[in-house]
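Quick note on numbering: the sequence shown equals residues 15 to 83 in the numbering used here. Idealized CB from N, CA, C, for every residue including glycine. Only one structure is covered here, and it is reproduced in the block below.
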Amino acid sequence: MSRNEGEVSLGFIFLEKFSGFVLLIVGIILSYYTHISRWDLGEAAAFFFMVVGILLVFLGLLLIIAKIE
Numbered sequence: 015m016s017r018n019e020g021e022v023s024l025g026f027i028f029l030e031k032f033s034g035f036v037l038l039i040v041g042i043i044l045s046y047y048t049h050i051s052r053w054d055l056g057e058a059a060a061f062f063f064m065v066v067g068i069l070l071v072f073l074g075l076l077l078i079i080a081k082i083e
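Below is the structure:
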């Protein structure tokens, strides 16, 4: 029951796409709520959380779009 080196389990592909979707949703929610309450957070904290949210959205999209070979 050995696998070829090029084969990837269907479970790994599903887990990657699901993780990307979760990161995308978390990044969108983080960016939205940071934008809504940016005056309460302060300028530095709002900038930090907005950057983190955008990075999570980018990483989520990258995981969804990436093709495992």
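Quick one: what does DSSP say residue i is sitting in, helix, strand or coil?
i	result
Val22	coil
Ser51	coil
Gly56	coil
Got a sec, what are the start and stop residues for the alpha helix (DSSP H) residue i sits in?
i	result
Ala80	Run containing Ala80: none; DSSP gives neither H nor E here.
For residue i, which residues from the same chain have a beta carbon less than 7 Å from its beta carbon, with the 5 sequence-adjacent residues on both sides left out?
i	result
Ser33	Leu77
Ala60	Thr48, Arg52
Leu73	Leu37
Check the C-beta distance from residue i over to residue j and give it rounded, since I have them as a contact under 8 Å.
i	j	result
Ile79	Phe26	That pair is no contact at about 16 Å.
Leaving out the 5 sequence neighbours to the left and right, which residues in its chain are closer than 8 Å to residue i when beta-carbon positions are compared?
i	result
Lys31	Leu77, Ile78
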